[in-house]
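Chemist:
In this note's numbering, the protein residues as written are 160 to 385.
1) Looking at residue 219 and residue 256, is the spacing between their C-beta atoms short of 9 angstroms?
2) Around the Cβ of residue 291, are there at least 16 other Cβ atoms within 10 angstroms (buried) or fewer (exposed)?
3) Which same chain residues, not among the five before or five after residue 165, have their C-beta less than 6 angstroms away from its C-beta?
4) Leaving out five residues on either side along the sequence, give the residues of the same chain with a beta carbon under 8 angstroms from the beta carbon of residue 356.
5) Taking C-alpha atoms, which residue in 223, 160, 169 lies nearest to residue 183?
6) So, are the CB atoms of residue 214 and residue 372 less than 9 angstroms apart?
7) If you draw a straight line from the alpha carbon of residue 263 to that of residue 228, how long is it in whole angstroms?
8) Mapping DSSP to helix, strand and coil, what is residue 178?
9) Using the Cα positions of residue 347 and residue 178, report the straight-line distance between them to the nearest angstrom.
So this is what it looks like as structure tokens:
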């Protein structure tokens with residue numbers, strides 16, 4: 160039989176999880192469909208709500224940190240499966256799956272977890288995935304910055320790869336709904352900066368779909384708090 164979390168490694172009948180998943184999931188049960196509890200609605204004002212698999216802590220945090228290191232990890236198939244389950248559990252209507260552009264470091268490493276998640280979801284759901292955005296300039300890493308500093312750090316960082324991209328894409332397939340796929344939603348600065356471009360281009364809905372979020376930091380960064 161196979162590990163119910165990653166569905167890849169073989170385990171014995173008396174084992175609940177494989178050796179790779181066991182230390183990562185030490186604080187949760189082994190229900191493969193709902194490792195971190197009910198899917199959580201996430202709203203980044205003023206945009207419509209999206210979802211997260213759970214809060215950025217415990218086993219979910221450990222698995223995300225491991226998966227960000229590269230594709231050959233026990234965590235990656237578990238995270239793919241959980242995000243797919245979350246979308247289906249929330250019954251999200253079809254839309255375009257788009258990851259924020261990778262940083263220069265991620266491009267150099269050749270691995271961008273958010274883009275991998277978007278590609279995997281597109282294959283499983285049959286929804287379109289695109290890479291329409293680019294980074295106009297490299298900025299210092301967001302880690303360790305507060306909400307205000309993150310907004311300033313990212314302001315104007317993203318742009319279209321090609322002018323008029325949304326209009327041309329809409330001619331082939333209506334671009335009414337975009338899901339921005341990412342690993343962690345902290346203050347929402349990256350989401351807002353990307354979503355603003357789609358909103359200005361006339362896309363009706365832009366929603367966050369993430370593995371994990373940090374509720375306190377997101378609440379502190381909302382427009383109502385400033």
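Cβ coordinates follow ideal geometry from the N, Cα and C atoms, glycine included.
Modeler: Per the coordinate set shown:
1) With contacts defined by Cβ atoms closer than 9 angstroms, residue 256 and residue 219 do not form a contacting pair.
2) Under this definition residue 291 is a buried residue.
3) Annotation for residue 165: 180, 233, 236, 237 place their beta carbon closer than 6 angstroms to its own, counting only its chain and skipping 5 residues before and after.
4) These residues qualify, in order along the chain: 292, 317, 318, 319.
5) Of all alpha-carbon atoms in 223, 160, 169, the one lying nearest the alpha-carbon of residue 183 is that of 223.
6) Cβ atoms of residue 214 and residue 372: closer than 9 angstroms.
7) Straight-line Cα distance between these residues: approximately 15 angstroms.
8) In the three-state DSSP reduction, residue 178 falls in the coil class, being neither helix nor strand.
9) Residue 178 has its alpha-carbon roughly 35 angstroms from the corresponding atom of residue 347.
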